[in-house]
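Scroll down for the structure; my scribbles are underneath it.
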Amino acid sequence: MDFKATLHLPDADATIPMKANLPSLEPQIQIIWDSEKIYHRLQEARKTAPVYVLHDGPPYTNSPIHIGTAMNKILKDFVVKSRCMMGYRTPYVPGFDNHGLPIEQAVMKKFADKKVTPTIPELRQACRDHAAEYLKVQSDQFRRLGVFGLWEKPYTTMDFRFEAEIVRTFKRLVLGGYVYKGLRPTLWSPTSRTALADTEIVYNDHVSKAIYVRFPLLEDPNKLFEGIDNVYTIIWTTTPWTIPANLACAFHPELKYALIKVGLDHYLVLEDLAPKLEAELGWEEPKVVKVLEGINFENMKFKHPIFDRPSIAVMADYVTTEDGTGVVHTAPSHGRDDFFTGQAYGLPVPNTVDEKGVLTHEAGEFEGVYYKNCDTVVVDRLAQVGALLKAYDYSHSYPYAERDGQPIIFRATEQWFVNLEHDNLRHRMLTSIDAVRWYPPQGQTRIESMIKHRPDWCISRQRPWGVGIPIFYGAKSRIPVMDPVAIELVAELVEREGSDAWFTKEASEILPPEYTHPETGETEFTKETDVLDVWFDSGSTSLCVLEGNVYKEWQEQWPADLYLEGSDQHRGWFNSSLIIGQATRDHAPYKAVLTHGFVTDAKGLKMSKRLGNVVDPVAASDQYGADIVRYWVAGTDYVNDVPCSDDLLKQFGESYRNVRNALRFLIGNLKGYSPSSAPAQLFELDEWIVEQTDLLIDDCVASYEEFDFGAVMSAVHNFCRQQLSSFYSDAIKDHMYCDKEDSPRRRSTQEACFRVAKAIIQLVAPVLVHTAEESWKKMHDTMGLPCNSVHESAFARPDSSRLQDIEASAIQVRFSVLQAVRQSVNGAFETFKGTDGIKNAQEVVAYITTDDETKEALDQFPRADLANYFKTSWVELYTGDSEVRFERTPYHECVRSRVRRPDVEEVEVDGEKVYLSRRDREAVGA
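If you want our numbering, it's the 1-based position in the sequence shown plus 14.
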């Protein structure tokens, strides 16, 4: 008899293949999802369920996706899919940011390559085309990663109706009294010739020319230094090019200043900094002549070191004892603190630098000099007039424009702002922040600090590609029309024709002939030429999308349950969204915020083509499979910066194989199984693994609830390796392969394998989306699972009473004892192996001596089962001092199952004498 043919080995055709071949499998599954409209099916299936909304932060459509945007979108997909499997309806509307400088710069480069100077309409159309091209590219790439969503109707900020809602959001802020136009020093990019938001800058290492400059005393109204000659104060600055704009010297009113005699000169500096200055400036035998508090110098006048004009002594509490001289060079055109201090003292705000970074006629003799070159020119001039005490190179952190990588400047210009003090907006935002759940918790501290200290939001940009600021001006008065009626007319125009119409039509073509200026009565108007900050676009998205103001199918609920973005968005999207949400609806637009770090290479270095360390997520998906990329995302500590490399992806590929092989084994043992024929009661081994699985489900769902995807995959991976591969899979092979096909024990184990496989597939489904679907369909096709797709199913989370029963389960206690003894037996055999040529534990009987309690627990297992669990021929138990010893087995080997037990006997089968165990004799009818 061919005994191998009588075994019930796993059915390779009924299970998933050993080799996943994900790069070719995944697109096939995605075609099925598309044809079956899986996203819409999920929404329909959960139409009466509670809603959970993750609102998508829109990436710029200026290039293909990179590994960072891939990680972000995959994390969002984990949330959407896991919440869906928790029973929520989880609509997900992908978003795309289409306006702004990154797209404009990419387009302008194309024009420059062709040596073409486009008109504004030509440039805007080219920007729209460029954004549309990469919108399609990015959508396809995100879908390749297995991300579900309303891909056929994403929100795009250049959609005409969306642009109109951005205009209406501006109108809502105007109605609330939050918008004003004012002269303020703003971050300015001379390269891009536009104002920038704090969100658009990064701080880089920078070398500036630092200088100490002396200002001679001009007027001493309180006669504090009467009779003292050659009195100066000293300022320290790292921006010599702003010296032509100096109008004041700032002192701290409460700190003490010393007048120090050095040779024939007297210098007024902060007393605490005098020793440092003595060393820095090489003073010899300095002598303190007088000490006074700073308040005494208010309105004292010093002479500008170059120009024939005064520099007034003003008071400022931002003066510190840490750097410089304790006297701060104050140029109201070139610093926020400088500006507001100047306002308090009625100082003018000269326009000393133009939009290109070139000094103007108001800079006097420095007119026409580029600001960077002006440092050297000013230093030379200061030295020439005897005002320069020291100049040197100074390394420090300095703001750069993130997009063009060039240093920025502060420049006073007229801009549009959102007033954060109006109607107590700043305080209300801080109150709302406290009601939001922040993951990780330190995110709350970070955004609170930013809201507390940020200036009013500059929302205007001097660029052509964006939504025009919908403001008219009286043609003669230049007074802005802050009229919601006029703004709504613009919104209606944009909804019909797009924001291009604002740039191509005259004011008279937009406003009705009878329209008059609400303040001046004028009937002729001009238009604002600036566009809205792109952060205004994205900050408006919660209103445009979640309120359903653009398309009703987007309308879900406001506020969103979750915002999920990189940690840089505390100063970006989280910030702008909060300002707009609080100002328009008096609430944060999110209930919870989750942030992640940035992707680096394996060494923690930033990825760059120059270093050759870039990981392309699409190429990685085509090489390893999107599920491996997704496993990498889940397996990382995404709260911090995340390393990625080919080697790391390969490591996750190994972990993936452990999970896949476990599923392959479980499903392969289900041949002939039907859920309808499930046994009423499971054997203890099977009950144990089912209870272990219920504990796994509870742990994993709890981890999904807290967005701890790494804990989910770690728990599943460890379960597959430890409970399954290292124990249960080995323990069931004997009876699954060798018992009669319909034996109660096999049916019990098949029921357990079914439940465990189903649970693992569901638990990994939000992460390993394709593998879970592949495995589910294998089971669905043969076992009639209720849902066609695993993503339509729900986690079978055990209730609290079930978990309590498991914790108190006698089965769990006994198997815990069993596994501890098993570990001791395995360890002892490793030492014994090789004795008398013994290589395999099946060749020995284990004699186990242990305490009464342990023996009592082990005695409840049949001896044959214990031998199977320990992989020995047989087991004998004794009480006494703990010991494990082995002797060569006296029993014959069964030719069918290879066991060596007391019940193995010689029998005749088909005329041949063979050794078979009692179980095997029954299985083959011998």
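Note that the Cβ used here is the ideal one computed from N, Cα and C, for glycine as well.
Residue i versus the options, residue with shortest Cα-Cα distance
| i | options | result |
| --- | --- | --- |
| D286 | L592, L278 and L269 | L269 |
| G798 | S691, D713, T893 and N854 | S691 |
| I180 | F666, V564 and D748 | V564 |
| V730 | D712, E720 and D744 | D712 |
| L777 | L39, V93 and P41 | V93 |
| A4 | R760, N840 and E870 | No statement about residue 4 is possible, as the shown extent of the chain runs from 15 to 940 and does not include it. |
| F321 | H601, G378, G71 and P454 | G378 |
| C472 | D753, S815, F809 and L201 | L201 |
| Q152 | P116, K87, G360 and L619 | K87 |
| N35 | T785, A860 and L525 | T785 |
| V918 | K927, E926 and Y905 | Y905 |
| Y192 | V303, R460 and W430 | W430 |
| G562 | A26, Y453, P168 and K61 | P168 |
| Y638 | A834, L402, L782 and I249 | L782 |
| A26 | F697, K128, S789 and R816 | S789 |
| Y652 | D641, I703, Y687 and L578 | L578 |
| G580 | A327, G611 and G595 | G611 |
| E755 | N683, K317 and E376 | N683 |
| P254 | T344, R816 and H22 | T344 |
| H69 | A264, L560, Y217 and L444 | L560 |
| P4 | G686, Y226, R769 and G71 | Nothing about residue 4 can be reported from this structure: the residues present for the chain run from 15 to 940 only. |
| E211 | S491, V432 and V328 | The displayed chain sequence assigns Ala, not Glu, to residue 211. Checking every option, the nearest Cα to that of A211 belongs to V432. |
| L608 | I52, K90, H22 and S38 | K90 |
| A822 | Q706, S838, G724 and E720 | Q706 |
| G457 | H584, E844, F486 and T335 | H584 |
Spatial distance of residue i from residue j (CA atoms)
| i | j | result |
| --- | --- | --- |
| T864 | S896 | 5 Å |
| G488 | I46 | 59 Å |
| L56 | C801 | 11 Å |
| R323 | F517 | 44 Å |
| R417 | K95 | 34 Å |
| A145 | A521 | 28 Å |
| P300 | N310 | 23 Å |
| I117 | R475 | 14 Å |
| I215 | L373 | 23 Å |
| G241 | T534 | 58 Å |
| G340 | L284 | 5 Å |
| R644 | M85 | 8 Å |
| A616 | R624 | 16 Å |
| H220 | T256 | 17 Å |
| T170 | D551 | 10 Å |
| L576 | G553 | 15 Å |
| S434 | L197 | Looking at the sequence itself, residue 434 is Leu, so the reference to Ser does not match. The alpha-carbon atoms of L434 and L197 are separated by roughly 16 Å. |
| K605 | F588 | 12 Å |
| V4 | H280 | No information on residue 4 is available, as it lies outside the stretch 15 to 940 that the chain covers here. |
| D389 | Q44 | 60 Å |
| A855 | V898 | 13 Å |
| L507 | K519 | 10 Å |
| A262 | A358 | 12 Å |
Contact belief for residue i with residue j at Cβ below 8 Å, rounded distance in angstroms
| i | j | result |
| --- | --- | --- |
| A878 | T20 | At roughly 20 Å, the Cβ-Cβ gap does not stay under 8 Å, so A878 and T20 are not in contact. |
| L699 | F733 | L699 to F733, Cβ: 16 Å. No contact. |
| Y385 | V367 | 6 Å |
| V921 | T868 | Not really, about 37 Å apart at Cβ, beyond 8 Å. |
- [ ] Tell me, please, whether the segment 447-467 touches the segment 245-253 by the rule of three or more beta-carbon pairs shorter than 8 Å.
- [x] no
Open item on the list: Would the segment 97-111 count as touching the segment 153-171 if we require 3 or more Cβ pairs under 8 Å?
Closed with: yes
TODO: Pick out the complete alpha helix (DSSP H) segments inside the segment 839-926, 4 residues or longer, and give them in chain order.
DONE: 866-873 and 877-884
Task: Given 8 Å, three or more beta-carbon pairs between the segment 788-807 and the segment 90-104 - done: yes
- [ ] Count the C-beta pairs between the segment 535-549 and the segment 26-34 that are closer than 8 Å, then say yes if the count reaches three, no if not.
- [x] no
Open item on the list: Quick test of the definition: if touching needs 3 or more C-beta pairs under 8 Å, does the segment 497-507 touch the segment 168-185?
Closed with: yes
Open item on the list: Would the segment 650-667 count as touching the segment 738-749 if we require 3 or more Cβ pairs under 8 Å?
Closed with: no
TODO: Write down every uninterrupted run of the beta strand (DSSP E) in the segment 388-468 whose length is 3 residues or greater and which is fully enclosed by it, in chain order.
DONE: 402-415, 423-432 and 451-453
Open item on the list: Which complete alpha helix (DSSP H) runs does the segment 30-117 hold, if anything under 4 residues is left out?
Closed with: 36-49, 52-59 and 81-99
TODO: Decide yes or no for the touch test of the segment 565-574 against the segment 51-70: beta carbon pairs closer than 8 Å, at least 3 of them.
DONE: yes
TODO: Pair every Cβ in the segment 418-428 with every Cβ in the segment 228-236, then say whether three or more of these pairs are closer than 8 Å.
DONE: no
TODO: Report yes or no: do the segment 851-868 and the segment 882-891 share at least 3 C-beta pairs separated by less than 8 Å?
DONE: yes
- [ ] May I have a chain-ordered list of the beta strand (DSSP E) segments no shorter than 3 residues that lie completely inside the segment 325-359?
- [x] 342-344
- [ ] Scan the segment 550-592 and note each continuous beta strand (DSSP E) run of 3 residues or more that stays entirely inside, going in chain order.
- [x] 577-580
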